[in-house]
Amino acid sequence: MTERYPGYNVLHKRNSVSWNDQTRAVIDARCGIDPDFHQFCDEAEWKTLRSLCDHIIPQPLDRPVKAPIAAIIDQKLYGGKGDGYRDAHLPEQDKAWRLGLAAVDAEAMAACEKPFCELSADQQHWLLGKIQRGQASSEAWQDMPPAIFFAKRLLHDIVSAYYAHPASWNEIGFGGPASPRGYVRMNFDRRDPWEAAEASPGREDQARVENERVG
Amino acid sequence: MHEYPEGQPVDFAIIGTGAGGGTLACKLAEYGFSVVAFDAGPYWRPLEDFASDEMHQSKLYWTDPRIVDGDNPIQLGANNSGKSVGGSTVHFAMVSLRFRPEWFKSRSQLGYAVDWPLDWREMWNYYTEVEQVLNISGPLRYPWGPKRPRYPYRPHELNAAALVLAEGAEALGIDWTPTPLATLSAPHGLAHPCVYRGMCVIGCSTNAKQSVLLTWLPRALTAGAEIRDLAMVGSIEHDHAGLATGVHYLRDGRWRFQRARNVVVAGYAIETPRLLLNSASAKFPDGLANSSGLVGKNLMVQSNQAVWGVMDREIRSYKGPPSLAITEHWNYTDEGKDFHGGYSYMSQGPLPIVWGTTQASKRGLWGQALLDAMENYNHQVGLKIVGETLPRERNRVTLSDERDQYGLRIPRVTYSFCDNDKRLIAHSLKFMRQALEVVDAHDIWDEDDDTCHLNGTARMGDDPASSVVNADCRCWDIPNLWICDGSVFPTVGGVNPSLTIQAIACRTADRIRAMARRGELPSL
Amino acid sequence: MRRVPAAEARRRALASLQVTARSLNEKYSLNAPARTPDPEWRNAVGRKLNLSSALLSLSVLADSGLEHYRGSFQNRLMYLPLAVSAATVAASLFGIADARAKSHAVRDGLYVLAGLTGATGLGFHGYNVMKRPGGLSWLNLFYAAPVGAPMALLLAGVLGRGAERIRDDEACTILGYPAGKALGLVTSAGLAGTVAEAGLLHFRGAFQNPGMFLPVVVPPAAAGLLTTAQFRPGNIMRRAAKLGLRLTALLGFAGVGFHAYGISRNMGGWRNWSQNILNGPPLPAPPSFTGLALAGLAALSLIERGSHD
Ligand SMILES: Cc1cc2nc3c(=O)[nH]c(=O)nc-3n(C[C@H](O)[C@H](O)[C@H](O)COP(=O)(O)OP(=O)(O)OC[C@H]3O[C@@H](n4cnc5c(N)ncnc54)[C@H](O)[C@@H]3O)c2cc1C
Ligand code: SF4
Chain A
3 MTERYPGYNV LHKRNSVSWN DQTRAVIDAR CGIDPDFHQF CDEAEWKTLR SLCDHIIPQP
63 LDRPVKAPIA AIIDQKLYGG KGDGYRDAHL PEQDKAWRLG LAAVDAEAMA ACEKPFCELS
123 ADQQHWLLGK IQRGQASSEA WQDMPPAIFF AKRLLHDIVS AYYAHPASWN EIGFGGPASP
183 RGYVRMNFDR RDPWEAAEAS PGREDQARVE NERVG
Chain B
13 MHEYPEGQPV DFAIIGTGAG GGTLACKLAE YGFSVVAFDA GPYWRPLEDF ASDEMHQSKL
73 YWTDPRIVDG DNPIQLGANN SGKSVGGSTV HFAMVSLRFR PEWFKSRSQL GYAVDWPLDW
133 REMWNYYTEV EQVLNISGPL RYPWGPKRPR YPYRPHELNA AALVLAEGAE ALGIDWTPTP
193 LATLSAPHGL AHPCVYRGMC VIGCSTNAKQ SVLLTWLPRA LTAGAEIRDL AMVGSIEHDH
253 AGLATGVHYL RDGRWRFQRA RNVVVAGYAI ETPRLLLNSA SAKFPDGLAN SSGLVGKNLM
313 VQSNQAVWGV MDREIRSYKG PPSLAITEHW NYTDEGKDFH GGYSYMSQGP LPIVWGTTQA
373 SKRGLWGQAL LDAMENYNHQ VGLKIVGETL PRERNRVTLS DERDQYGLRI PRVTYSFCDN
433 DKRLIAHSLK FMRQALEVVD AHDIWDEDDD TCHLNGTARM GDDPASSVVN ADCRCWDIPN
493 LWICDGSVFP TVGGVNPSLT IQAIACRTAD RIRAMARRGE LPSL
Chain C
9 MRRVPAAEAR RRALASLQVT ARSLNEKYSL NAPARTPDPE WRNAVGRKLN LSSALLSLSV
69 LADSGLEHYR GSFQNRLMYL PLAVSAATVA ASLFGIADAR AKSHAVRDGL YVLAGLTGAT
129 GLGFHGYNVM KRPGGLSWLN LFYAAPVGAP MALLLAGVLG RGAERIRDDE ACTILGYPAG
189 KALGLVTSAG LAGTVAEAGL LHFRGAFQNP GMFLPVVVPP AAAGLLTTAQ FRPGNIMRRA
249 AKLGLRLTAL LGFAGVGFHA YGISRNMGGW RNWSQNILNG PPLPAPPSFT GLALAGLAAL
309 SLIERGSHD
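Line by line, the protein sequences are chains A, B and C. Using the working numbering, read the first sequence as starting at 3 and increasing by one per residue. Using the working numbering, read the second sequence as starting at 13 and increasing by one per residue. Using the working numbering, read the third sequence as starting at 9 and increasing by one per residue.
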C-alpha cells in the first residue's frame with residue numbers, strides 16, 4: 003500500500019515554533035526508548051507481548067523507525083501508573099497483563115502446540131479472533147473474561163502506546179505537537195505549510211515535495 | 013499567598029478546587045471569609061508545565077484506582093475527572109452552556125425525574141456572572157431559550173468539522189450555532205487568544221482556556237484564600253454534637269489536621285460521596301450527611317454516543333477546539349420524542365490516542381483493518397451527543413474493600429443505562445446519522461457506548477428525606493457541612509455541566525454571606 | 009380660498025425650489041468649481057491623489073497577498089488583485105513623479121482596471137460570505153472573505169481616475185461635478201466603508217484594547233467634518249476638517265504599530281510570526297486610512313481654491 007503522506011516526518015518540526023522545550027523533552031525521551039528494553043516482563047512474556055504488538059499493529063517492515071510499542075507498555079506496567087479505572091471483571095493492570103500473556107500462550111499451545119510468538123501470522127490472527135469473541139477455553143485465564151481483557155486491556159494498551167509515537171502520526175498525517183504555534187487554516191481541504199500534505203491520486207510527487215518543506 | 017495555621021479554625025475548609033470548590037473559594041474569600049482550599053492535585057503553571065502530548069498530559073487526570081461495573085461500566089481517568097488545582101476544568105473541553113429553564117422543574121413542567129429547589133430566573137443571573145468571568149466567546153444571538161446577555165467575546169472561527177455539523181443541520185432544517193466556549197477569541201489581560209492547536213482536553217498550554225485555574229483562583233489568592241495543593245483529604249472530623257470540626261489530610265507524606273468552622277466538599281461526583289462515606293464514625297455509621305441514605309446514589313453520567321463517518325474533503329479535525337459548533341435542537345424540542353429529556357450534539361476533534369482506542373475498543377478493529385481505518389484520520393468527522401440520563405438509585409458510588417496509595421478505600425462506580433436513556437440514545441444516533449448522510453459522509457458507524465460527566469450522588473432538594481443538601485448546598489444533617497460541586501444536581505439535562513456548577517457555587521456564596529450577615533450561621 | 013390649477017401649483021413650487029437652490033448655491037458656493045487655468049497647481053493636486061491611490065493599492069497588495077496566501081490561492085483569480093494592485097502602485101508612483109500636467113493613457117487605463125477588479129472582488133467576497141452555512145451572519149462577516157480589501161482597490165481606482173481628470177480639466181470637474189465636492193464625497197464614503205470594516209473586526213476582537221476604538225472614532229469624525237466643510241464654507245470648518253484628516257492619516261500609520269503590538273500579544277509573539285502574522289491583526293490594513301485621508305486633504309484644497317475664487 004502506498005503512503006498517504008509520503009515524506010512527511012513530524013519530527014522535522016522539532017526545532018520549529020510548533021514545539022516547546024517541554025514537548026521536546028517528552029518526545030525525545032519517547033523516541034529514545036530502547037525497543038528491546040524490558041523490566042516488567044520476563045523473557046517468555048516479552049516474546050509474547052512483542053508478537054502481540056506486531057500483530058495488532060503491523061508496522062511496515064521498511065519503516066526506518068518503528069514505534070517500540072512493547073517497550074512502552076512494559077515501561078507503563080513497570081511504573082505502575084494506571085488509567086484511573088478498571089472494569090470490575092479485571093484485576094489490576096499488571097496482574098491482568100501477566101495473566102493475559104500467559105493465557106494467550108496457553109491458548110496457542112493448546113491449539114497449535116507452539117507458543118504464540120512462533121505461530122504463523124494466519125494462526126495468530128485466528129487465535130486472536132477467537133479471544134476477541136470470547137471463545138477461549140484455557141484454564142490459564144482463571145476468572146478473567148478473555149473478551150474483556152482483549153478489548154479493555156490488550157487493545158487499549160497496545161493502541162494507546164502506538165498512537166503516542168511519532169511514527170504513527172506520520173502515517174495518519176497528524177500535525178503533532180503544536181505549541182506555541184497552532185494552526186491558521188481551518189476550512190475544508192486547507193492545510194498550513196507546517197502540516198502534512200496528502201497524496202491524493204496523481205499528486206504523490208507534489209505531496210512529497212510539500213512534505214519535505216514541512217518544518 | 014496567605015497561609016493559615018492548622019491549629020486555628022478557618023471559616024471554610026474547601027475540599028477540591030474545581031468548578032465548584034474553586035469558584036466558591038474565590039467568592040467566599042472576596043466576601044471576607046478565611047478560606048483554605050485543598051486539592052489532591054498539583055498547582056500547574058501551564059506555560060511552563062504542559063507539553064503537547066497526549067500520553068504525557070495524563071498527569072492531569074485522576075488516575076488513582078477505581079472500579080467500574082454495572083451494565084455500562086463507565087470510562088474514567090482522562091475522559092472524566094481531573095486531579096489538579098482547578099479540577100477537571102484544567103482539561104475540560106470548554107463548552108459552556110446554560111440549562112434549559114424547564115429542567116429546573118422537570119417533574120412539574122416536563123413530567124419526569126425530580127424538580128430542583130432552584131428557580132431558573134435566579135440561575136439566569138448567576139449564569140451571566142460566570143460567563144463574564146470566563147470571558148466566554150459565543151454567538152451574538154443564541155438560537156434557543158430565553159434571551160441572554162451578549163457573550164463577552166465573539167465566537168471563534170469554525171473548523172471544517174464544525175462546518176460539517178452546520179451544513180448537516182441546515183440541510184435537516186434545524187438551528188445550529190457556534191458553541192459558547194471558555195477560550196479567548198482575543199487577548200485578555202496577560203492571556204493570549206486561542207491558537208487552535210486543538211489539544212484542549214490534554215490541557216491548554218497557551219492559557220487561552222478560561223479554566224478555574226486561570227479565572228477564579230488568581231482572584232481567590234488576591235482575596236486572601238490559601239490553596240493547599242498536593243493535599244489529599246481522607247476524612248472529615250466532627251464533634252460529639254455532630255458538627256464538622258475540620259479535615260484530616262495527607263501532605264508531604266504525613267497526615268495532618270486542619271481545623272475549620274465549616275467544611276465544604278467539592279471533589280466531584282465520585283470523590284465527594286467517597287469522602288463522605290469514608291468519614292463514617294460511630295455517630296454517623298453510614299457516612300456523613302447520609303440520613304437519607306442517598307449519598308452516592310443517583311449517579312448520573314451523560315450519554316456521549318457518536319456517529320462517525322468519512323468525508324471526501326479533508327477535515328483535519330485536530331485543529332481548533334474540539335467542539336466549535338453545536339445544536340441544542342433536541343433539548344428545546346419536545347415533539348417527536350419517545351423519551352424524556354434532551355440532548356445536544358457537537359462536532360468532534362479526537363487526538364490520535366483517543367481516536368485509535370475508539371476504533372479498537374468500540375469497533376473492535378485491529379491489525380491492518382485498524383491501520384487502514386486510521387489512515388482516514390484527516391477525513392473523519394463525528395457528531396457526538398451530550399445526552400440527559402435519568403436519576404436512578406441503582407446507579408451509585410460505593411466503597412470497595414481495596415485501598416489506594418493513601419490507604420483509603422477506593423470507590424466502586426456502578427452504572428447502567430435505563431430504558432429511557434437507551435431510547436434517547438437510539439433517537440440521537442438515528443438523527444445524527446441523517447445529519448452525516450446529507451453532507452455525503454460515507455463509511456458511517458455508530459459509537460454506542462460512551463459516557464461523559466458525572467453528576468448526582470448528593471442531590472439537593474426541599475425534603476431531607478429525599479435529598480442530601482438543601483438549595484443552598486447545605487447538608488440537612490450537619491449544618492456546617494456543605495457540598496458544592498457536580499454532586500448536587502438532581503437532574504443533568506442535555507448540556508455540559510460546568511457552567512451550572514459554577515453558577516450554583518456563586519449562588520451558594522451569596523447565600524452564605526446573606527445568612528452570615530443575618531447571624532444564621534452560628535459557626536461563624 | 010382661490011383654487012390654483014394643479015399644473016400651475018407644480019410650476020410655482022418648482023420655481024421656488026429653483027430659487028432656493030440657486031440662493032443656497034450662491035451662499036455656499038456649492039457648484040463653484042476650483043476653476044483654475046494653472047496646470048501646475050492642478051498637477052500638484054493630481055499627484056496628491058496619486059499618492060493616496062498608491063497608499064491604498066499598496067495596502068491592498070500587502071493585505072490581499074497575506075490573506076490570499078492564507079487562503080492558499082485556492083482559486084487562480086486570487087492572484088488577480090495582487091497583480092492589479094501592484095500595477096496600480098506602479099502607475100501611482102509614476103503619477104507622483106510625472107511633471108507633465110496632463111493625464112496618461114496607461115495610467116488612466118490601469119486605474120479603470122483597478123476599479124473594475126475592486127468591484128469584481130467585492131462580488132466574489134460577498135459570494136464567499138453568502139455561500140457559507142449561516143449565510144449573511146455575524147460569524148461569516150467576521151471570518152469569511154472581508155469586503156474591505158476589494159473596496160480599497162475600488163477606491164484606489166476611483167481616486168486615481170480623479171487625479172487624471174483634474175490634470176486635464178481646467179474647470180476642475182469630475183463627471184460634471186466640481187472636483188472638490190466629488191472627491192470629498194468619495195472620500196467620506198470610502199472612510200465610512202473602511203470604518204465599518206475596522207469596526208467589524210475590532211468588534212470581533214471584543215475591543216479588548218481601548219486603542220481599538222480609535223479607528224471607529226477619529227476617521228468618522230474626519231469624514232463628518234469633511235462633508236460639512238463642503239456645504240459650510242468658512243475657515244474654521246475647513247481647518248477642523250483638515251485637522252481631522254491629518255489625524256486620520258497619522259492613525260493609519262500608527263495603526264501598523266498597534267497591529268504589530270497586537271501580533272506580539274498572540275501566543276509565541278513575533279517569534280511565532282508564521283502563524284501570528286496571519287492570525288493576529290492585519291498589519292497592512294490601517295494605511296488605507298492614510299490613503300483616504302490624503303485624498304480628503306486633496307479634496308479640501310480643491311474646495312478651498314473654489315471658495316477663494
Ligand atoms: C475531558 C473532559 C472534558 C470536559 N468538557 C466539559 C465541557 O466542555 N463543558 C463542561 O461544562 N464540562 C466539561 N467537563 C466536565 C467538567 O469539567 C466537570 O463537570 C466539572 O469540572 C466538575 O466540577 P467539580 O467542581 O464537581 O469537580 P472537579 O472540577 O473535578 O474538581 C474536583 C477537584 O477536587 C479534588 N479532590 C477530589 N477529592 C479530593 C480529596 N479527597 N482531597 C483533595 N482534593 C480532592 C480533585 O483533585 C479535583 O481537582 C469535562 C470533563 C472532562 C474530564
Ligand atoms: S485550541 Fe485554544 S483553547 Fe484549545 S488548547 Fe489550543 S489554544 Fe488552548
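For each residue, glycine too, the CB sits at the ideal point set by N, CA and C. Quick caveat: nothing in here was measured; it's all calculated off a predicted structure.
Kindly list the residues whose CB is nearer than 8 Å to the CB of residue i, restricted to its own chain and excluding five residues on each side of it in sequence; keep chain order.
i: Q392(B); result: W320, G321, V322, M323, I327, S329, W367
i: N213(A); result: Y7, P8, G9, Y10, N11, A198, A199
If the cut is a Cβ gap below 7 Å, which residues of chain B does residue i touch?
i: P141(C); result: L175, A178, E179, E182
i: K83(A); result: T75
i: F176(A); result: Y330, P364, Y389
i: L157(A); result: A372, S373, W378
Quick one: residues in its chain with C-beta nearer than 7 Å to the C-beta of residue i, no 5 flanking neighbours on either side, listed in chain order?
i: P205(B); result: L196, S197, A198, P199, A220
i: A110(A); result: K116, P117, F118, L121, L129
i: D484(B); result: T520, R523
Is the separation between the beta-carbon of residue i and that of residue j shorter than 8 Å?
i: S93(C); j: G299(C); result: no
i: L101(A); j: L51(A); result: no
i: S70(B); j: A90(B); result: yes
i: G32(B); j: D458(B); result: no
i: R286(B); j: R263(B); result: no
i: K83(A); j: T75(B); result: yes
i: F42(A); j: Y80(A); result: yes
i: G34(B); j: V224(B); result: yes
i: G30(B); j: Y280(B); result: yes
So, at 6 Å on beta carbons, what are the nonlocal neighbours of residue i in its own chain, with the 5 sequence-adjacent residues on each side left out?
i: N280(C); result: none
i: V176(B); result: V393, V451
i: G236(B); result: H14, A41
i: A528(B); result: L536
i: A70(C); result: P292
i: L286(C); result: R78
Cβ closer than 8 Å: which chain C residues qualify as neighbours of residue i?
i: A198(B); result: R212, G213, A214, Q216
i: Y330(B); result: Those within 8 Å of Y330(B) in chain C number zero; the least Cβ separation is about 15 Å.
i: R166(B); result: W146, F150, F211, R212, G213, A214
Please compile the residues from chain B whose C-beta is within a distance smaller than 9 Å of the C-beta of residue i.
i: M275(C); result: H204, P205, C206, V207, R209, S217, T218, N219, A220
i: M146(A); result: Those do not exist, as M146(A) stays about 14 Å from chain B at its closest Cβ, beyond 9 Å.
i: G9(A); result: What G9(A) touches in chain B: nothing, since even the nearest Cβ is about 16 Å away.
Using a cut-off of 8 Å between C-beta atoms, extract the partners of residue i located in chain A.
i: R1(C); result: Residue numbering for chain C in the displayed model covers 9 to 317; residue 1(C) lies beyond these limits and cannot be assessed.
i: G368(B); result: V161, S162, Y164, Y165, S170
i: N171(B); result: M188, N189
Which residues in chain B sit within 8 Å of residue i, going by Cβ to Cβ distance?
i: Q283(C); result: V207
Which residues in chain C have a C-beta closer than 9 Å to the C-beta of residue i? List them in chain order.
i: R187(A); result: R78, G79, S80, L286
Check: Any contact of the region 281-292 of chain C with the region 250-257 of chain C, i.e. 3+ C-beta pairs under 8 Å?
Finding: no
Next item on the list: Taking 8 Å as the threshold, find out whether the region 116-132 of chain B comes into contact with the region 493-504 of chain B through three or more Cβ pairs.
Entry: yes
Note to self: I want to know whether the region 149-168 of chain B touches the region 209-222 of chain C - three or more CB-CB distances under 8 Å.
What the structure shows: yes
Note to self: Assess contact between the region 133-146 of chain B and the region 299-317 of chain B, defined as three or more Cβ pairs (one per stretch) separated by less than 8 Å. Is contact present?
What the structure shows: no
Margin query: Any contact between the region 310-319 of chain B and the region 455-470 of chain B? By contact I mean 3 or more CB pairs, one from each, below 8 Å.
Written below: yes
Check: So does the region 101-118 of chain B actually touch the region 146-157 of chain B, counting three or more Cβ pairs closer than 8 Å?
Finding: yes
Note to self: Check whether the region 189-203 of chain C and the region 155-168 of chain C are in contact - that is, three or more C-beta pairs closer than 8 Å.
What the structure shows: yes
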